[in-house]
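Asks: With the working numbering applied, the sequence shown covers 1375 to 1466.
Virtual Cβ for every residue (Gly too), placed ideally from N, Cα, C.
Source: prediction; values computed, not measured.
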Amino acid sequence: MCLAIPGKIKSIESQYDGMVRMAKVSFGGITKEASLEMLPDADVGDYVLVHVGVAISKVDEEEAQKTFKYLEEIGELGDLEDVDEYLPKTDK
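(1) Per DSSP, which one or two residues make a beta bridge with F1401?
(2) State the CB to CB distance for the pair V1399 and A1408, rounded to an integer number of angstroms; the pair is presumed to be in contact (CB under 8 Å).
(3) Assess, as a yes-or-no matter, whether the segment 1379-1392 is touched by the segment 1428-1444 under the definition of 3 or more beta carbon pairs within less than 8 Å.
(4) What is the rounded straight-line gap between the Cα of G1392 and the Cα of I1448?
(5) Using 10 angstroms around the beta-carbon of D1465, count the other beta-carbons present and answer buried if the total reaches 16, otherwise exposed.
(6) Note down, in chain order, each residue of its chain lying with its Cβ closer than 6 Å to the Cβ of S1431, except the 5 sequence neighbours on either side.
(7) Strictly by DSSP, which residues pair up with A1429?
(8) Bridge partners of P1380, per DSSP?
The structure is reproduced here in structure tokens:
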């Protein structure tokens, strides 16, 4: 099964003479690169769903937290084991 994982954009840079926008996205303490070509309005601090190295949609913090918790429960996080650092703090 292929999954899109929520992550938070930490930085954005242009590559290939400004032709491609790439982001450093944090997934529970692990940072990976993702293309922002499908999300031209994405910005630092946004939460995005990343599938095979491409940010495919923006989500709010609450949705990112729900998705990440669900993936943790079903054991689909693989290398992303430090989820507490990733998850937004809630007052609930």
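Replies: Straight from the coordinates:
(1) Paired residue(s): I1404.
(2) Right, their Cβ atoms sit about 5 Å apart.
(3) For the pair of segments examined, the segment 1428-1444 was found to touch the segment 1379-1392: the number of CB pairs separated by less than 8 Å reaches three.
(4) Approximately 39 Å, taken between the alpha carbons.
(5) Because the pLDDT of D1465 is 47, which lies under 50, any placement of that residue in the model is unreliable, and the number read from its coordinates should be weighed accordingly. By the C-beta density criterion, D1465 is exposed, having fewer than 16 other C-beta atoms within 10 angstroms.
(6) Exclusion of the five residues before and after S1431 leaves L1423 as the residues of its chain whose Cβ lies within less than 6 Å of its Cβ.
(7) According to DSSP, which records beta bridges pairwise, A1429 is partnered with V1424.
(8) Among the bridge pairs identified by DSSP, P1380 is matched with L1423.
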